[in-house]
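Its first residue numbered 22, the sequence shown is counted upward by one per residue in the numbering used here.
Beta carbons are placed, not taken as given, at the ideal position from N, Cα and C, and that holds for glycine.
What follows is a single structure, written as structure tokens, with notes after it.
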Amino acid sequence: MKHEDTILAAVAGFVDTLSFVALFGLFTAHVTGNFVLIGAGIAGFGQGVVLKLSVFPAFVCGVIASSLIARSMSGRPAWQGTRTLHAVQAVLLLGFCAAGVWATPVTQPDSLPALVAGIVGTFAMGVQNAHPRVIARAGGVPNTVMTGNVTQAILDVVDMLSAGTAEAARAAARARFGKMLPAIVAFALGAACGALGFRFVGFFALLAPVGALATLALCAAQTAGTTTQERA
Numbered sequence: 022m023k024h025e026d027t028i029l030a031a032v033a034g035f036v037d038t039l040s041f042v043a044l045f046g047l048f049t050a051h052v053t054g055n056f057v058l059i060g061a062g063i064a065g066f067g068q069g070v071v072l073k074l075s076v077f078p079a080f081v082c083g084v085i086a087s088s089l090i091a092r093s094m095s096g097r098p099a100w101q102g103t104r105t106l107h108a109v110q111a112v113l114l115l116g117f118c119a120a121g122v123w124a125t126p127v128t129q130p131d132s133l134p135a136l137v138a139g140i141v142g143t144f145a146m147g148v149q150n151a152h153p154r155v156i157a158r159a160g161g162v163p164n165t166v167m168t169g170n171v172t173q174a175i176l177d178v179v180d181m182l183s184a185g186t187a188e189a190a191r192a193a194a195r196a197r198f199g200k201m202l203p204a205i206v207a208f209a210l211g212a213a214c215g216a217l218g219f220r221f222v223g224f225f226a227l228l229a230p231v232g233a234l235a236t237l238a239l240c241a242a243q244t245a246g247t248t249t250q251e252r253a
């Protein structure tokens with residue numbers, strides 16, 4: 022799908038920000054960011070250390086699940102694996118929504134409901150983090166963590182504006198920038214929507230990324246069917 026990475030970036034920004042504001046600073050997509058918060062919590066500058074430690078195994082399990090699903094479908098067209106992973110992530114985020122509603126109001130970061138919500142949400146984002154690695158997409162860009170994308174976008178701008186850049190290199194930089202920028206903007210907008218969504222409707226806001234992933238799953242099959250018809 023043409024705008025798949027842009028939509029997934031919005032999903033990652035949405036879910037990561039919602040989990041951060043709802044679950045005491047927990048990152049579900051940018052899971053390594055929890056190392057910083059764990060360190061702060063150990064020194065007495067934060068809370069929810071048990072929660073942040075508990076989600077790492079869930080993230081690992083999400084990555085492993087993606088790999089196993091992709092391996093089980095290795096003999097089939099790539100779109101089938103893509104559709105399955107989007108559907109699995111959608112179901113997991115629906116579980117995150119349900120667990121979050123059950124946990125509301127979240128008053129203790131290390132309570133059982135908060136732990137369940139955080140674990141399910143991180144499992145879901147582990148699936149998304151692994152997805153582009155286990156099922157390759159031509160021309161895809163990272164869609165869960167934007168640090169590398171922002172760095173590359175800045176380097177591309179420098180190349181485009183530098184008088185000493187060869188025309189071929191400038192064209193390549195322009196093409197990369199055109200891929201990176203939509204994902205960066207979508208992640209930022211998704212982050213804002215995630216925070217606002219939680220403020221107004223709580224964990225029910227997660228129904229938005231669930232819907233986006235369900236749409237991607239449906240579009241994967243439709244896109245494949247259209248491509249097959251065009252080739253025929």
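Supposed close pair residue i, residue j - CB separation, criterion 8 angstroms
{"i": "valine 81", "j": "glycine 215", "result": "So it is not a contact: roughly 24 angstroms between Cβ atoms."}
{"i": "glutamine 110", "j": "glutamine 149", "result": "6 angstroms"}
{"i": "glycine 147", "j": "alanine 79", "result": "7 angstroms"}
{"i": "aspartate 26", "j": "alanine 204", "result": "5 angstroms"}
{"i": "alanine 50", "j": "threonine 236", "result": "Alanine 50 to threonine 236, Cβ: 19 angstroms. No contact."}
{"i": "valine 32", "j": "alanine 233", "result": "6 angstroms"}
{"i": "phenylalanine 219", "j": "alanine 226", "result": "5 angstroms"}
{"i": "threonine 143", "j": "valine 76", "result": "4 angstroms"}
Cβ neighbours of residue i in the same chain (closer than 7 angstroms, five flanking residues each side left out)
{"i": "glutamine 173", "result": "Arg197 and Met201"}
{"i": "arginine 104", "result": "Ala238, Ala241 and Ala242"}
Bounding residues of the alpha helix (DSSP H) (the contiguous stretch that carries residue i)
{"i": "lysine 73", "result": "70-93"}
{"i": "glutamine 149", "result": "133-155"}
{"i": "phenylalanine 66", "result": "Unbroken run through phenylalanine 66: none, as it is neither H nor E."}
{"i": "asparagine 164", "result": "Segment: none, asparagine 164 is in no alpha helix (DSSP H) and carries neither H nor E."}
{"i": "alanine 190", "result": "188-222"}
{"i": "alanine 43", "result": "25-43"}
{"i": "histidine 107", "result": "99-124"}
Spatial neighbours of residue i in its chain, beta-carbon cut-off 6 angstroms, leaving aside the 5 residues before and after
{"i": "valine 179", "result": "none"}
{"i": "glycine 121", "result": "Ala138 and Phe224"}
{"i": "alanine 108", "result": "Ala238"}
{"i": "aspartate 131", "result": "Val71 and Leu72"}
{"i": "alanine 189", "result": "none"}
{"i": "lysine 23", "result": "none"}
Residues of its chain near residue i, where Cβ-Cβ distance is below 8 angstroms and the 5 sequence neighbours each way are ignored
{"i": "isoleucine 63", "result": "Val70"}
{"i": "isoleucine 156", "result": "Ala91, Ala99, Gly102, Thr103 and Leu106"}
{"i": "leucine 210", "result": "Ala31 and Gly34"}
{"i": "arginine 195", "result": "Asp177 and Met181"}
heavy atom of the ligand FMN below 8 angstroms from residue i C-beta
{"i": "phenylalanine 198", "result": "Ligands are entirely absent from the displayed structure, and the ligand FMN is therefore not among its contents."}
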